[in-house]
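Quick mapping for you: the protein sequence lines, in order, are chains E and V. With positions in the first sequence counted from 1, the corresponding number in my numbering is that position plus 76. With positions in the second sequence counted from 1, the corresponding number in my numbering is that position plus 17.
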Amino acid sequence: MRTLRHIAGLSAFLFMLIMTSACHDDEVLDMPNSFSGNFKALWEIIDRHYCFLDDKDIDWQAVYTKYEPKTHTQISSYDMFRMFSEVLDCLQDGHVNLSSPFATSYYRGWWDQYPENFNERVILDHYLRFNYNQLGAYTYARMPGVNVGYIRVSSFSSSIGEGNLDWILNYLSMSAGIIIDVRNNGGGELTSVATLASRFISKRTLAGYISHKTGPGHSEFSTPRPFYYDPADQGHLLWGRPVVVLANRSTYSAANTFVAFMRSLGGNVTVVGSTTGGGSGMPFSSSLPCGWTLRFSACPMYDSQGNITEAGVEPTAGHAVDCTPEQFACGYDAILEHAVRLLVGPSTDQAE
Amino acid sequence: MKNLLVSILLGLSLATASAQIPSDCIAGSEERPARPVTQSIMMGGGTSTLTDTYLSPFKTTGWNATIGFERIQALRANPRRMSFWLAAELSGGRTHNAMTANGAMWRGVLHLEAAPLWRFNPAFFPLKVAIGPQLSVDAGVHYRPANGNNPVSAQASVAAAASAHIIWPVSIRRMPVTIGYNGSISLLGVFFAPEYGELYYEIYLGDRKGLANMSWIGNKTAYRHLIYADLHFGATALRIGYSMNLLSQAAHHQSTNLLTNTFMIGITTTRLSLNPGSIRNNPNIQLGL
Chain E
77 MRTLRHIAGL
87 SAFLFMLIMT
97 SACHDDEVLD
107 MPNSFSGNFK
117 ALWEIIDRHY
127 CFLDDKDIDW
137 QAVYTKYEPK
147 THTQISSYDM
157 FRMFSEVLDC
167 LQDGHVNLSS
177 PFATSYYRGW
187 WDQYPENFNE
197 RVILDHYLRF
207 NYNQLGAYTY
217 ARMPGVNVGY
227 IRVSSFSSSI
237 GEGNLDWILN
247 YLSMSAGIII
257 DVRNNGGGEL
267 TSVATLASRF
277 ISKRTLAGYI
287 SHKTGPGHSE
297 FSTPRPFYYD
307 PADQGHLLWG
317 RPVVVLANRS
327 TYSAANTFVA
337 FMRSLGGNVT
347 VVGSTTGGGS
357 GMPFSSSLPC
367 GWTLRFSACP
377 MYDSQGNITE
387 AGVEPTAGHA
397 VDCTPEQFAC
407 GYDAILEHAV
417 RLLVGPSTDQ
427 AE
Chain V
18 MKNLLVSILL
28 GLSLATASAQ
38 IPSDCIAGSE
48 ERPARPVTQS
58 IMMGGGTSTL
68 TDTYLSPFKT
78 TGWNATIGFE
88 RIQALRANPR
98 RMSFWLAAEL
108 SGGRTHNAMT
118 ANGAMWRGVL
128 HLEAAPLWRF
138 NPAFFPLKVA
148 IGPQLSVDAG
158 VHYRPANGNN
168 PVSAQASVAA
178 AASAHIIWPV
188 SIRRMPVTIG
198 YNGSISLLGV
208 FFAPEYGELY
218 YEIYLGDRKG
228 LANMSWIGNK
238 TAYRHLIYAD
248 LHFGATALRI
258 GYSMNLLSQA
268 AHHQSTNLLT
278 NTFMIGITTT
288 RLSLNPGSIR
298 NNPNIQLGL
């Protein structure tokens, strides 16, 4: 019986040893589900994970000092959401969202102070005369009256097959050049970007660099690692003629990456329009004690020159074009007109 | 109740036992004793607590479901002293934010283990004990659908562990019962973990740096045990048990903590796997054809 007690005691000791040495709590947060607890969790997560605090010269500690004293009251979920949205707006980042069961916050400052520079109806009506093909997020047509192909990519969120791209490029193969319109394209999958970009290169091409945080410090990052795009496999169509990419401020995230890549190709590729919206931080998600999901930029991406493109990608020098609401009202897209002139000469004005 | 129990046992027996012959039907020779296989199939349900800071920094709680298989047989090379242990377990569950019951997280992991065991009988107690080194392999995922670019945290590890098995044969109202404990604790190994803020897209692009992490008792505790009672009905036994799985690991400033408590029920059989070539000439065995 005594031996049994010894065995039981030893077992209990070993069990306690395992239990006490077992719990690793790196990055585990235990804030309560209160206004103050949720604010502290939000602040901590951004402080540890957000990747542009130094690049944007944001004093995140000052944000804490400003807002934390306001969190010691009882307020409704709506008011808490509104205050947290205001806090996150300090990051000036379209990739930062707070998702609650009743709303998702967005920072709109990256585009709402800029000309829209896009009107889809004007293009479909006045330039394509409603004669176009639709394939997922791709709209394509031979522009009437000029030997130019037009491809609008409204989003990179849905993937497109290599065979689909073959059909599109084959349909436009007699054109002197093509226009790829990524205005108002808010991004999507980077793999979709690579699929499209692969049609405009003939050899493996440096697309940019990517890095990530290696620790909670504001400047703890991995060495930027290059990534490359490969040309489409043999048997698929490659495009070697002139290309004009249309961009505006609402060209964001993966579309921003596409524009940066196409711009870096130079040669017969020209970017026309206005500076893109940026969004070069690959977003990461986490959560708050109340269960709301927090999304934020975590992995900075750089263009092939090693420049961070969070502030946007400028059009090719000499090809910055804006379009006024009055021009759109008259059925005139100055950016598209500029692109057509680049491809087929100065004599055509397409708009009716 | 008794009929129900017998029906369950019969059903499970049909599922597990092929060529089942009581071990005393065939007497092994003095040099090469017969090596019956004892194997169990179990399933169970219980609770789980999971924190995976790659997905969320907050603790989640929920349910756990497990299907398990284990097999032990005396080792051919040294059947009187050694055995070989094999086990597989598929477990999964759904947890949610412990405070608000939202933010669902799913988990699915396959666990495999193999161990050569040295058997001995302690002089002071009617126990049978077997201990040995163990190879443990885990593969699975934690999945949080609400996360956009980082919805999945892959779980993969290979570890050398210490394994212990204890059984205590007793009788309860003339029914033979085997009370047992199977436990293991991971000692050294390798486990997968991306760097602090690394997305799987970067891994897809070819960044493999820091993915394989050495594990030792200081940065990874993986302890699991099953405490069970086999209630013997002839060559077949009904198993009821309690399984605990504790995992805590840290790498790149991130951690994963998992605790599952599962009530298990299953069937245990002891059988001989016969080699048709050798048994045809054995006068003690009558084949059907």
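All C-beta atoms, glycine included, are put in the ideal place defined by N, C-alpha and C.
So with Cβ pairs under 9 Å, would you call residue i a contact of chain V?
i, result
"residue 409/E", "no"
"residue 371/E", "yes"
"residue 379/E", "no"
"residue 219/E", "no"
"residue 358/E", "yes"
"residue 365/E", "yes"
"residue 147/E", "no"
"residue 104/E", "yes"
"residue 303/E", "yes"
"residue 429/E", "Residue 429/E is absent from the model: chain E starts at 77 and stops at 428."
"residue 414/E", "no"
Skipping 5 residues on each side, what residues in its chain have a beta carbon closer than 6 Å to that of residue i?
i, result
"residue 190/E", "325"
"residue 109/E", "365 and 366"
"residue 166/V", "216"
"residue 38/V", "Note on residue 38/V: pLDDT 42, under 50, position unreliable in the model; the coordinate value appears next. Taken in chain order, the residues that qualify are 289."
"residue 105/V", "86 and 129"
"residue 245/V", "197, 256 and 258"
So with Cβ pairs under 9 Å, would you call residue i a contact of chain E?
i, result
"residue 193/V", "no"
"residue 90/V", "no"
"residue 177/V", "no"
"residue 214/V", "yes"
"residue 143/V", "no"
"residue 116/V", "yes"
"residue 190/V", "no"
"residue 219/V", "yes"
"residue 72/V", "yes"
"residue 75/V", "yes"
"residue 279/V", "no"
"residue 119/V", "yes"
Among the residues of its own chain, which have a CB less than 7 Å from the CB of residue i, if the five just before and after it don't count?
i, result
"residue 268/V", "210, 230 and 236"
"residue 296/E", "289 and 290"
"residue 359/E", "171, 371, 372, 373 and 374"
"residue 40/V", "Because residue 40/V carries a pLDDT of 41, less than 50, the predicted location of this residue cannot be relied on, and no value is offered for it."
"residue 353/E", "170, 186, 187, 325, 326, 327, 328, 332 and 388"
According to the Cβ coordinates, are residue i and residue j closer than 9 Å?
i, j, result
"residue 367/E", "residue 117/V", "yes"
"residue 277/E", "residue 307/E", "yes"
"residue 330/E", "residue 266/E", "yes"
"residue 71/V", "residue 375/E", "no"
"residue 122/V", "residue 204/V", "no"
"residue 69/V", "residue 128/V", "no"
"residue 111/E", "residue 147/E", "yes"
"residue 201/V", "residue 240/V", "yes"
"residue 74/V", "residue 363/E", "yes"
"residue 322/E", "residue 257/E", "yes"
"residue 216/E", "residue 208/E", "yes"
"residue 263/E", "residue 234/E", "no"
"residue 175/V", "residue 144/V", "no"
"residue 393/E", "residue 348/E", "no"
"residue 80/V", "residue 55/V", "no"
"residue 312/E", "residue 238/E", "yes"
Can you give the beta carbon distance from residue i to residue j, rounded, assuming they're within the 8 Å contact cut?
i, j, result
"residue 74/E", "residue 193/E", "For chain E, the structure presents residues 77 to 428; residue 74/E sits outside this window and is missing."
"residue 320/E", "residue 244/E", "That pair is no contact at about 16 Å."
"residue 103/V", "residue 131/V", "5 Å"
"residue 253/E", "residue 317/E", "5 Å"
Excluding sequence positions up to five away, which residues of its chain have a Cβ less than 8 Å from the Cβ of residue i?
i, result
"residue 139/V", "146"
"residue 304/E", "280, 281, 282 and 283"
"residue 125/E", "289, 292, 360, 362, 372 and 374"
"residue 163/E", "115, 118, 119, 139 and 143"
"residue 162/V", "121, 123 and 168"
Pull the bridge partners of residue i from the DSSP assignment, please.
i, result
"residue 173/V", "156/V"
"residue 280/E", "None, per the DSSP bridge assignment."
"residue 257/E", "228/E and 322/E"
"residue 375/E", "358/E"
"residue 159/E", "Residue 159/E is not bridged to any residue."
"residue 289/E", "297/E"
"residue 208/V", "174/V and 230/V"
"residue 130/V", "104/V and 153/V"
query: Listed from N- to C-terminal order along the chain, which residues in the stretch 145 to 168 of chain V have their beta-carbon within a distance smaller than 9 Å of any beta-carbon of chain B?
result: Absence of chain B from the displayed structure is noted, the protein chains being E and V.
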